[in-house]
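Quick note on numbering: the working numbering labels position 57 of the sequence shown as 184, and the sequence is numbered without any gaps.
Encoded as structure tokens, the structure appears first; notes follow it.
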Amino acid sequence: MTGKTPYLSLLLTLCAFSAWSQDAQVKITSADNQRAVYGAPENFTGQVQVTPLFPAGPDINASGGYVTFAPGARSAWHTHPAGQRLIVTAGVGLTQEEGQPVQVIRVGDVVSCPPGVKHWHGAAPDSAMTHLAITGAVDGKNVQWMEKVTDEQYAAR
Ligand code: MN
Numbered sequence: 128m129t130g131k132t133p134y135l136s137l138l139l140t141l142c143a144f145s146a147w148s149q150d151a152q153v154k155i156t157s158a159d160n161q162r163a164v165y166g167a168p169e170n171f172t173g174q175v176q177v178t179p180l181f182p183a184g185p186d187i188n189a190s191g192g193y194v195t196f197a198p199g200a201r202s203a204w205h206t207h208p209a210g211q212r213l214i215v216t217a218g219v220g221l222t223q224e225e226g227q228p229v230q231v232i233r234v235g236d237v238v239s240c241p242p243g244v245k246h247w248h249g250a251a252p253d254s255a256m257t258h259l260a261i262t263g264a265v266d267g268k269n270v271q272w273m274e275k276v277t278d279e280q281y282a283a284r
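Structure representation (structure tokens):
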């Protein structure tokens with residue numbers, strides 16, 4: 128190996144990086160184009176609005192979106208094949224892992240749901256709640272929906 132080899136190597140690396148960066152561009156999806164849709168009634172109780180922000184991709188295999196629950200509204204029981212992170216951005220909510228107590232979640236709280244763990248999340252009875260949901264995907268699938276959370280389960284705390 129000669130003394131010039133490291134410099135040649137660096138040059139080649141910079142060229143490769145330059146070629147890569149021409150393919151990958153920073154992209155902004157304008158907030159003006161974000162559209163809320165109602166949560167499917169078979170998967171939620173009460174009024175829920177979902178605003179998709181980004182889909183899962185080859186670089187980051189997780190989707191992101193805001194979910195806003197009216198007071199008393201909540202998801203059905205469900206699992207995520209690759210897990211989920213929830214960041215509460217407004218209001219007060221509730222969440223529960225099956226077999227565990229219902230817990231209160233507030234603005235700034237981060238909820239980590241491991242893969243395959245059955246749970247639900249929603250608003251408190253007397254407050255709306257919005258969370259950012261980052262949900263991992265396996266083969267394009269990010270949730271397995273189950274039965275609804277009953278009023279009795281929701282009120283048990
Ligand atoms: Mn979830």
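Quick reminder that beta carbons are idealized off the backbone N, C-alpha and C, glycines included.
Predicted, not measured: the structure shown is a model, and the values here were computed from it.
Kindly identify the DSSP beta-bridge partner or partners of THR178. Taking the sequence shown and counting its residues from 1, the one referred to as residue 178 is at position 51. DSSP, once it has assigned bridges, lists TYR193 as partnering THR178.
Does the Cβ-Cβ distance between SER190 and TRP247 come in under 7 Å? Here residue 190 is taken as the residue at index 63 of the sequence shown, counted from 1. Here residue 247 is taken as the residue at index 120 of the sequence shown, counted from 1. For SER190 and TRP247, no; Cβs fall outside 7 Å.
Hey, GLY210 and PRO242: beta-carbon distance below 7 Å or not? Position 83 of the sequence shown, counted from the start, is the residue given in the question as residue 210. Position 115 of the sequence shown, counted from the start, is the residue given in the question as residue 242. Closer than 7 Å, so yes.
Flag this pair as touching only if the segment 254–265 and the segment 180–194 have three or more C-beta atom pairs under 8 Å; answer yes or no. yes
Are GLN174 and ALA163 touching if we call contact CB-CB under 7 Å? Translated into positions along the sequence shown, residue 174 becomes position 47. Translated into positions along the sequence shown, residue 163 becomes position 36. No. Outside cutoff.
With H, G and I counted as helix, E and B as strand and the rest as coil, what does DSSP make of GLU274? For the purposes of this step, residue 274 is identified with residue 147 of the sequence shown, where counting begins at 1. It is coil, neither helix nor strand.
Rounded to the nearest angstrom, what separates SER254 and PRO182 at their Cα positions? Along the sequence shown, one-based indexing puts residue 254 at 127. Along the sequence shown, one-based indexing puts residue 182 at 55. Rounded to the nearest angstrom, the two C-alpha atoms are 29 Å apart.
Are the C-beta atoms of CYS240 and some chain D residue less than 7 Å apart? Absent from the structure: chain D. Only one protein chain is present.
Work out the CA separation of ASP266 and VAL276 for me, nearest whole Å. Here residue 276 is taken as the residue at index 149 of the sequence shown, counted from 1. Here residue 266 is taken as the residue at index 139 of the sequence shown, counted from 1. Each residue's alpha carbon lies about 27 Å from the other.
When DSSP builds the beta bridges, which residues end up paired with GLN230? Within the sequence shown, residue 230 is the residue found at index 103, counting from 1. Answer by DSSP bridge pairing, in chain order: THR222.
Using a threshold of 6 Å, is the CB atom of GLN176 nearer than that to any non-hydrogen atom of the ligand MN? Looking up residue 176 in the sequence shown gives position 49. For the ligand MN, not one heavy atom lies less than 6 Å from the Cβ of GLN176.
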